[in-house]
Amino acid sequence: KEHLLKHKPCKDLKCSYCDYATYRKSDLKTHLLKHTSSKDLKCGQCDYATHNKHHLKEHLLKHKPCKDLKCSYCDYATYRKSDLKTHLLKHKSAKDLKCSHCDYATYREFNLKTHLLIHKSSKDLKCNHCDYATYRKSDLKRHLLKHKSSKDL
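Mind the numbering: the sequence shown is residues 3 to 155 in this note's numbering, read in order.
In structure tokens:
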């Protein structure tokens with residue numbers, strides 16, 4: 003059920019304070035806290051304040067004097083473990099994932115899956131409103147929005 007919400011084309015839950023919209027009730031509830039809750043978590047080094055403990059933790063990293071996570075291949079440094087992990091992928095010399103149809107190679111599974119779509123001969127995702135067809139679900143979703151917006155005019 004949660005996964006299917008991501009494919010919902012319309013974000014029908016709207017914030018009454020700004021133009022934020024979502025399809026998930028919990029996201030709207032979290033967002034509304036930005037407008038309604040007291041920002042009782044404060045940074046001791048500047049005037050930043052928030053209601054969210056995780057946001058304060060992220061903010062405090064910005065005041066860290068040294069970026070102590072260093073790349074062993076170049077002079078890149080960061081204070082976020084996830085940023086270093088993403089950066090290290092750039093140095094990975096062995097592109098282990100290879101396309102069986104051409105010489106394309108990558109180290110990311112998602113990139114290979116996306117690439118393989120270009121070799122697919124049948125465009126089995128078809129528009130119900132016109133003769134448009136594609137092999138990418140995201141392209142069909144984007145195309146369907148054109149029909150929706152033309153109906154709204």
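Cβ atoms here follow ideal geometry from the backbone N, Cα and C, with glycine treated the same way. Predicted model only: the values in this text are computed from it and were never measured.
Residues bridged to residue i [DSSP beta-bridge criterion]
{"i": "Thr52", "result": "Leu43"}
{"i": "Leu90", "result": "None, per the DSSP bridge assignment."}
{"i": "Thr108", "result": "Leu99"}
{"i": "Leu71", "result": "Thr80"}
{"i": "Thr136", "result": "Leu127"}
{"i": "Thr24", "result": "Leu15"}
Residue i - DSSP class collapsed to helix/strand/coil
{"i": "Lys125", "result": "coil"}
{"i": "Lys16", "result": "strand"}
{"i": "His65", "result": "coil"}
C-alpha gap between residue i and residue j, whole angstroms
{"i": "His121", "j": "Thr108", "result": "16 Å"}
{"i": "Asp70", "j": "Leu43", "result": "25 Å"}
{"i": "Lys59", "j": "Asp14", "result": "31 Å"}
{"i": "Asp29", "j": "Lys16", "result": "10 Å"}
{"i": "Lys150", "j": "Arg144", "result": "10 Å"}
{"i": "Thr136", "j": "Gly46", "result": "53 Å"}
{"i": "Leu142", "j": "Leu91", "result": "31 Å"}
{"i": "Arg138", "j": "Thr116", "result": "9 Å"}
{"i": "Ala79", "j": "Asp85", "result": "9 Å"}
{"i": "Lys64", "j": "Leu99", "result": "36 Å"}
{"i": "Lys36", "j": "Tyr50", "result": "13 Å"}
{"i": "Cys20", "j": "Arg26", "result": "17 Å"}
Distance cut-off 6 Å: residue i Cβ against heavy atoms of the ligand FAD
{"i": "Lys66", "result": "Here there are no bound small molecules, and the ligand FAD is not part of this structure."}
Environment of residue i [buried if 16+ CB atoms lie within 10 Å]
{"i": "Thr52", "result": "buried"}
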